[in-house]
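Here's the structure, in structure tokens; my notes come after.
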Amino acid sequence: MIRSPIMTVMTDAVMKAARSLKRDFGEVENLQVSRKGPGDFVSAADRRAEQILRDALVKARPGYGLVMEETGVVEGTDKSHRWHIDPLDGTTNFLHGLPQFAISVGLEREGQIVAGVIYNPVLDEMFVAEKGKGAYLNNRRIRVAARREMVDALVVCGLPHLGRGNHPQFLKELTVVMAAAGGLRRLGSAALDLAFVACGRTDAYWERDLNSWDLAAGLVILREAGAFVSDADGGPDPLAAGSVACGNETLHRELLKLLRHANR
Ligand code: 2AM
Ligand code: CA
């Protein structure tokens, strides 16, 4: 585990929001039958968790800027620091009672992500990393998987959403990757998708049309776990591109080759 002041600020804020989110997750099941459906309840849970994160982070670091999924951007007086906050990544899973969702908080310093926390409150799995200090799952150091062959690899993707993204492009990419990979999954939480590559549960992952709050924490966790990370077209800056491709050195290269081939 990393015991720096900034990591303590982040994990304390995340654990506080997680208690609220977990309580609300327990209620979701009961709401499935209500006429209005659980959608409004979930967006309230989302906003509650974001408010808790925001209050805790602003209290600890008053000047830092904020980029939040629900509330949007709040400029800080300290122009070199910004939080990227996703209070509930994997909303659709949460809504359906699937325990694959997480809180994601990343810290940007001078344009670089320097610390990240991704926490799944149901499984009590906390992924953390700080630049130069390694990546951890709970108290254990994590590293990307060593698998080198695409035919053995478990590859994760994200599907473009209704009314968003380039569906024909995704279908071309899916066709090519499906023919090469050992297995393919769509798990539904971008933050956890990144964390799973970092800890070697999955071997590679790509997705387009992502926002900074989906990506920030995962990027530093991946890099500290020895992963290779780019945007989905091989460019150096996933945050700027809003897309990601990652894996160990070999499978990241192989995945990019497949994606390039699909987009020829
Ligand atoms: P969310 O749950 O915070 O919205 C699933 O592939 C990923 O896409 C999740 O990380 C999810 O984050 C995000 N997502 C879900 N619906 C979306 C939408 N309509 N637009 C953009 N991103 C979305
Ligand atoms: Ca998200």
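Taking the working numbering, I'd label the letters of the sequence shown as residues -16 to 247. Glycine included, every Cβ here is placed at the ideal spot set by N, Cα and C. This one's a predicted model, so the numbers in the text were calculated from it and none came from an experiment.
Residue i: CB within 7 angstroms of a non-hydrogen atom of ligand 1
{"i": "ASP214", "result": "no"}
{"i": "ASP192", "result": "yes"}
{"i": "GLY141", "result": "yes"}
{"i": "HIS235", "result": "no"}
{"i": "GLN52", "result": "Before going on, a small fix: residue 52 reads as Glu here, not Gln. Under cutoff, so the answer is yes."}
{"i": "SER172", "result": "yes"}
{"i": "THR185", "result": "no"}
{"i": "HIS79", "result": "no"}
{"i": "ARG147", "result": "yes"}
{"i": "HIS64", "result": "no"}
{"i": "THR74", "result": "yes"}
{"i": "HIS67", "result": "no"}
{"i": "HIS144", "result": "yes"}
Cβ-Cβ distance between residue i and residue j below 8 angstroms
{"i": "PRO70", "j": "ASP23", "result": "no"}
{"i": "LEU40", "j": "ASN103", "result": "no"}
{"i": "ALA173", "j": "VAL138", "result": "no"}
{"i": "VAL134", "j": "MET(-7)", "result": "no"}
{"i": "MET51", "j": "ILE68", "result": "yes"}
{"i": "SER213", "j": "PRO219", "result": "yes"}
{"i": "VAL11", "j": "GLY115", "result": "no"}
{"i": "ARG37", "j": "SER3", "result": "no"}
{"i": "HIS235", "j": "ALA228", "result": "yes"}
{"i": "GLY59", "j": "TYR47", "result": "yes"}
{"i": "VAL(-3)", "j": "VAL57", "result": "no"}
{"i": "ALA1", "j": "ILE86", "result": "yes"}
{"i": "LEU90", "j": "ILE(-11)", "result": "yes"}
{"i": "GLU113", "j": "SER195", "result": "no"}
CB-CB length for residue i against residue j, believed under 8 angstroms
{"i": "LEU177", "j": "GLY209", "result": "No, LEU177 and GLY209 are not in contact; Cβ-Cβ is about 14 angstroms, not under 8 angstroms."}
{"i": "LYS5", "j": "VAL111", "result": "LYS5 to VAL111, Cβ: 19 angstroms. No contact."}
{"i": "ASN231", "j": "LYS155", "result": "With a Cβ gap of about 25 angstroms, ASN231 and LYS155 do not count as contacting."}
{"i": "ASN76", "j": "GLY166", "result": "Rounded, the Cβ-Cβ distance is 20 angstroms, inconsistent with contact."}
{"i": "GLY141", "j": "ARG169", "result": "7 angstroms"}
{"i": "LEU241", "j": "VAL160", "result": "5 angstroms"}
{"i": "ASP197", "j": "ASP72", "result": "6 angstroms"}
{"i": "LEU49", "j": "TRP66", "result": "5 angstroms"}
For the region 134 to 147 against the region 113 to 125, do three or more pairs of beta-carbon atoms, one drawn from each stretch, fall closer than 8 angstroms, so that the two count as touching? In this structure the region 134 to 147 does not lie against the region 113 to 125, because fewer than three pairs of beta carbons, one per stretch, are closer than 8 angstroms.
Any contact between the region 180 to 194 and the region 77 to 96? By contact I mean 3 or more CB pairs, one from each, below 8 angstroms. Contact fails: fewer than three Cβ-Cβ distances are below 8 angstroms.
Please write down, chain order preserved, every residue whose beta carbon lies under 5 angstroms from a heavy atom of ligand 2. Residue selection by CB proximity (closer than 5 angstroms to any heavy atom of ligand 2) returns ASP69, ASP72, ASP197 in chain order.
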